Amino acid sequence: MRLFNTLTRTLEPLEPLEPGHVRLYTCGPTVYDFAHIGNFRTYVWEDLLRRTLKFLGFRVTQVMNITDIEDKIIAKAMAQQATIGEVTEPFIRAFFEDLDTLRIERAESYPRATEHIAEMLTIADDLKAKGLTYESEGSLYFRIDAFPTYGRLSNLEKRELKVGARVDNDEYEKDDARDFVLWKGHREGEPSWDSPFGEGRPGWHLECSAMSMKYLGPSFDLHTGGVDNIFPHHENEIAQSEGATGKPFVKYWMHAAHLMVDGEKMSKSKGNFYTLRDLVAKGHDPRALRYLLLNTHYRTPLNFTFDALARAAGELQRFDALFARFAETRAAVGRDAAFDAKAEAMELEIREALADDLNVSGAQGALFRLVREANAALDRGELPSDSLASLQERLACIDGVYGVIAPGEKALLDPEVDALIEQRVQARKAKNFKESDRIRDLLASQGIVLEDTPQGVRWRRAVAGREGG
Ligand code: AMP
Ligand code: ZN
-18 MRLFNTLTRT LEPLEPLEPG HVRLYTCGPT VYDFAHIGNF RTYVWEDLLR RTLKFLGFRV
42 TQVMNITDIE DKIIAKAMAQ QATIGEVTEP FIRAFFEDLD TLRIERAESY PRATEHIAEM
102 LTIADDLKAK GLTYESEGSL YFRIDAFPTY GRLSNLEKRE LKVGARVDND EYEKDDARDF
162 VLWKGHREGE PSWDSPFGEG RPGWHLECSA MSMKYLGPSF DLHTGGVDNI FPHHENEIAQ
222 SEGATGKPFV KYWMHAAHLM VDGEKMSKSK GNFYTLRDLV AKGHDPRALR YLLLNTHYRT
282 PLNFTFDALA RAAGELQRFD ALFARFAETR AAVGRDAAFD AKAEAMELEI REALADDLNV
342 SGAQGALFRL VREANAALDR GELPSDSLAS LQERLACIDG VYGVIAPGEK ALLDPEVDAL
402 IEQRVQARKA KNFKESDRIR DLLASQGIVL EDTPQGVRWR RAVAGREGG
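Here it is, written out as structure tokens:
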């Protein structure tokens, strides 16, 4: 796999520190509100990256933090006279529901900032011991002047640094590169923790250094986010982590361009955003949104329009039509070696395109050709059973990356489940195990759990996916 490393601004072959195993940190949501579809452009792309790595045979350990203490959360809690937890809990729940709606695979863990204060303080302590900090008015700051490579990721020239000037906010612009806050002294009404530097709370940047290194080690492979994370967030993460450990922090940095609206970044503060829930409530298919977000290369800004969303939905119908044909086809027994070879070549093309810094257009071209070839073979009545079965397997494998090609199964209603269970009983009586297994798998795919009891088969719906971590 080749990928574009923000740190070196070149395409580089991916060589994980541990061969075959990619350790990936993806900056997660700040849970003071619903995530908007701009945020989901980044999360869907990270899901594409994760799934592609797995498709290419890598093992992936992905960590995504939940920022549950930060300036905006505190401001909201104070405005509502609520606790931090009361503000964040509903949005954490909503975030995981949205991940499921967009068919985003779960990371291996979702650590929360408020549960890692001790790890943050250890880093702050190490930085202090190394002379990289100073205290002022009850807060602890990182001295960027004392870290010679500060600015390497975001291409800051030394002259842009305002040495000695401080910034307390979690977010600020590139022309304001100053000593940044690691630990903020306690302010009236804000939540706080005890620390060697006095009572206070962590700065946002410190949160990600602590959680990434705790779960992935002091040096790991891949760290991602949207381009707005490059400065100051990721720049500061590097300074804190490498400053504290003396080891290289991250080998490859990757950043996604923004989802735009009328030429501007979609963002909460501009008010030009949609949440996933807004779109679903208007009757749009989340599968089409996923497809739309996936299909523009991650380093190209994507302008969101409802026309584009409708076009994405239209393209998905090509896949749906093909799958509907599969279900109707009575294929002759046998195999068509020439067709199989063509299909295999196209799958390889998809694989190679994705391995090339996630070249989604290249992959999509090959995928559409595969669909056309399949339709043409079906038109001629020339897709024998074994070739049809391998084609379906191939598409399922490719859909392991896309997550949108196979039509979503509509949820079964209770009477439909009852009827299927009865059909399965009959199939087993008739020793038609292929059919009974098919029904069992179909029910399992819908989260239906079967239990044999003396009174016969009972069923229940499994509890929806846990949030993990
Ligand atoms: P936040 O909750 O603001 O920290 O953002 C969470 C993630 O969404 C970060 O990785 C941001 O870079 C990313 N993000 C925010 N706005 C957009 C946007 N308009 N397009 C793409 N990614 C975004
Ligand atoms: Zn982060």
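For the sequence shown, our numbering begins at -18 and goes up steadily by one. C-beta: ideal position from N, C-alpha, C; glycine also. Note that this is a predicted model, so its numbers are computed, not measured.
Could you check if residue i belongs to the surroundings of the ligand ZN, using beta carbon to heavy atom distance under 8 Å?
i	result
residue 223	no
residue 20	no
residue 207	no
residue 236	no
residue 413	no
residue 210	yes
residue 286	no
residue 48	yes
Please list, in chain order, all residues of the same chain as residue i whose beta carbon is under 7 Å from its beta carbon, the five residues on each side excluded.
i	result
residue 15	72, 75, 256 and 258
residue 41	3, 5, 31, 34 and 35
residue 112	127
residue 316	365, 367 and 368
residue 115	122 and 124
residue 448	Caution is warranted here: a pLDDT of 39 is assigned to residue 448, below 50, making its placement in the model unreliable, and the coordinate value is therefore given only provisionally. Contacts found: 77 and 91.
residue 118	166
residue 439	432
residue 169	none
residue 351	324 and 327
Since residue i is in the beta strand (DSSP E), which residue starts that stretch and which ends it?
i	result
residue 436	Per DSSP, residue 436 belongs to no beta strand (DSSP E) and is neither H nor E.
residue 236	231 to 237
residue 101	Segment 98 to 110 is the alpha helix (DSSP H) holding residue 101; no beta strand (DSSP E) there.
residue 259	Element bounds for residue 259: not the beta strand (DSSP E) but the alpha helix (DSSP H), 257 to 262.
residue 182	181 to 183
residue 240	240 to 242
Run through DSSP, which three-state label would residue i get?
i	result
residue 205	strand
residue 124	coil
residue -1	strand
residue 39	coil
residue 147	strand
residue 445	The predicted position of residue 445 is uncertain, since its pLDDT is 45 and thus under 50; no value can be drawn from it.
residue 199	coil
residue -18	coil
residue 113	coil
residue 6	strand
residue 450	In this predicted model, residue 450 has a pLDDT of only 33, less than 50, meaning its place in the structure is not dependable; the value taken from the coordinates is given anyway. Three-state result, residue 450: coil.
residue 23	helix
residue 215	helix
residue 160	strand
residue 280	coil
residue 34	helix
residue -7	strand
residue 337	strand
residue 265	coil
residue 247	coil
residue 130	coil
In its own chain, which residues sit with a C-beta less than 6 Å from the C-beta of residue i, not counting the 5 before and 5 after it?
i	result
residue 171	55
residue 180	167 and 173
residue 441	430
residue 204	6, 231 and 234
residue 277	283
residue 382	32, 33 and 36
residue 131	125 and 220
residue 58	65 and 68
residue 199	226 and 228
residue 158	137, 141 and 142
residue 100	191 and 195
Should residue i be listed as close to the ligand AMP, given that the test is whether its C-beta is under 8 Å from any heavy atom?
i	result
residue 8	yes
residue 381	no
residue 472	One cannot answer for residue 472 here, as it falls past the ends of the chain, which runs -18 to 450.
residue 24	yes
residue 16	yes
residue 192	no
residue 59	no
residue 195	no
residue 248	yes
residue 451	This structure does not reach residue 451, given that the chain is present from -18 up to 450, and the question cannot be answered.
Can you name, in chain order, every residue of its own chain whose Cβ lies under 8 Å from the Cβ of residue i, other than the five neighbours on each side?
i	result
residue 202	-5, -3, -2, 3, 4, 5, 231, 232 and 233
residue 450	Confidence in residue 450 is poor, its pLDDT being 33 and thus under 50, which makes the residue's placement too unreliable to answer from.
residue 50	65, 94, 95, 172, 182, 183 and 188
Can you check whether the C-beta of residue i is within less than 9 Å of a C-beta belonging to chain B?
i	result
residue -14	Of the chains in the structure shown, none is chain B; there is only one protein chain.
(request) Spell out a yes or no on whether the stretch 132 to 152 and the stretch 96 to 112 are touching, meaning 3 or more CB-CB pairs, one atom from each, closer than 8 Å. (result) no
(message) I'd like to know if the stretch 318 to 326 and the stretch 365 to 385 are in contact, where contact means that at least 3 CB-CB pairs between them fall below 8 Å.
(response) yes
(request) Examine the Cβ distances between the stretch 180 to 189 and the stretch -15 to 3 and report whether three or more of them are shorter than 8 Å. (result) no
(request) Mind the definition here: the stretch 330 to 340 touches the stretch 295 to 314 only if three or more C-beta pairs lie below 8 Å; say whether that holds. (result) no
(message) For the structure I just gave you, are there three or more beta carbon pairs, one from the stretch 354 to 366 and one from the stretch 54 to 70, closer than 8 Å?
(response) no
(message) Tell me whether the stretch 238 to 248 and the stretch 205 to 218 touch, counting them as touching only if at least three CB pairs, one residue from each stretch, are closer than 8 Å.
(response) yes
(message) Quick test of the definition: if touching needs 3 or more C-beta pairs under 8 Å, does the stretch 401 to 409 touch the stretch 417 to 431?
(response) yes
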